[in-house]
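In our numbering, the protein residues as written are 55 to 152. Everything on this sheet refers to the single structure shown next.
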């Protein structure tokens with residue numbers, strides 16, 4: 055076999071694609087959530103920074119061009135992805151506190 059799940063969130067994307075789970079979470083800086091979703095035929099969304107709280111996420115390495123990875127939802131449909139995003143987004147509204 056010459057296949058790949060595509061990136062750091064590939065496990066979640068592959069599990070969704072084969073029906074092992076209903077929803078998944080991933081992190082994205084340079085496509086680590088979106089690429090596996092695309093390769094596995096599921097939906098992955100990279101929300102704008104500040105939409106999903108980073109509580110419990112590792113801090114970004116300094117010097118990465120000022121970019122911050124964000125957590126985002128993975129699901130089999132756009133509707134399920136939107137529902138998961140609604141449930142994980144911050145209750146404080148837009149937050150730039152990384």
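Glycine residues also receive a C-beta, built at the ideal position from the N, C-alpha and C atoms.
- With a beta-carbon spacing of about 5 angstroms, residue 77 and residue 138 fall inside the 8 angstroms limit used to define contacts.
- Nearest C-alpha to residue 95 among 144, 82 and 72: 72.
- In the three-state reduction of the DSSP assignment, residue 132 falls in the helix class, which pools H, G and I.
- Residue pairing for residue 82: DSSP places it in a beta bridge opposite 124.
- For residue 88, the uninterrupted alpha helix (DSSP H) run begins and ends at 88–94, by DSSP.
- CA-CA distance, residue 108 to residue 124, rounds to 7 angstroms.
- By the neighbour-count criterion, in which 16 or more other beta carbons inside 10 Å mark a residue as buried, residue 106 falls on the buried side.
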